[in-house]
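Heads up: the structure comes next, in structure tokens.
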């Protein structure tokens, strides 16, 4: 089972994010375009305000919004806040769904325990 973060975007934010992704996709190298295409497709297919994205897609979205906000000084503050909100959702998502790694006992610890 793959978990995904759920974000809410109103129609205006959704349109701005789509514009940001389309503009930013032209600037990135071909190996990174796929992620932006996936996000664009998911935003286009979303029926309501809720959109399910994984961590990498959230990173791509935040990068595109930040890049777009630098181009338009009138929308800069609002778009920067939106990118911050998406980044916060991504960090919380990773903290909640990160695999808990148990540390294995090392040889030095085993010998210390065995004595």
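Numbering (this note's numbering), first residue to last: 169 to 283. Positions of the beta carbon are idealized from the N, C-alpha and C atoms, including for glycine. All values derive from a computational prediction rather than experimental measurement.
Cross-strand partners of residue 173 (DSSP beta bridge): 221
Cβ-Cβ separation, residue 233 to residue 250 (assumed contact under 8 Å), whole Å: 6 Å
Please work out which residues of its chain come closer than 8 Å, Cβ to Cβ, to residue 254, disregarding the five sequence neighbours upstream and downstream, and give them in chain order. 175, 226, 229, 230 and 233
Using a Cβ distance threshold of 8 Å, determine whether the segment 183-191 contacts the segment 208-228, with at least three qualifying pairs required. yes
Would you kindly work out how many angstroms separate the C-alpha atoms of residue 200 and residue 217, rounded to a whole number? 26 Å
Through-space distance from residue 245 to residue 155, alpha-carbon basis: What the structure shows of the chain is the stretch from 169 to 283, and residue 155 is not part of that stretch, so it cannot be assessed.
Between the C-alpha atoms of residue 180 and residue 247, what's the straight-line distance to the nearest angstrom? 11 Å
CA-CA distance, residue 243 and residue 237? 6 Å
Delimiting residues of the alpha helix (DSSP H) encompassing residue 259: 244-265
My understanding is that residue 221 touches residue 207, with C-beta atoms under 8 Å, so please give their C-beta distance in whole angstroms. 7 Å
Count the other CB atoms within 10 Å of the CB of residue 192; is the residue buried (16 or more) or exposed (fewer)? buried
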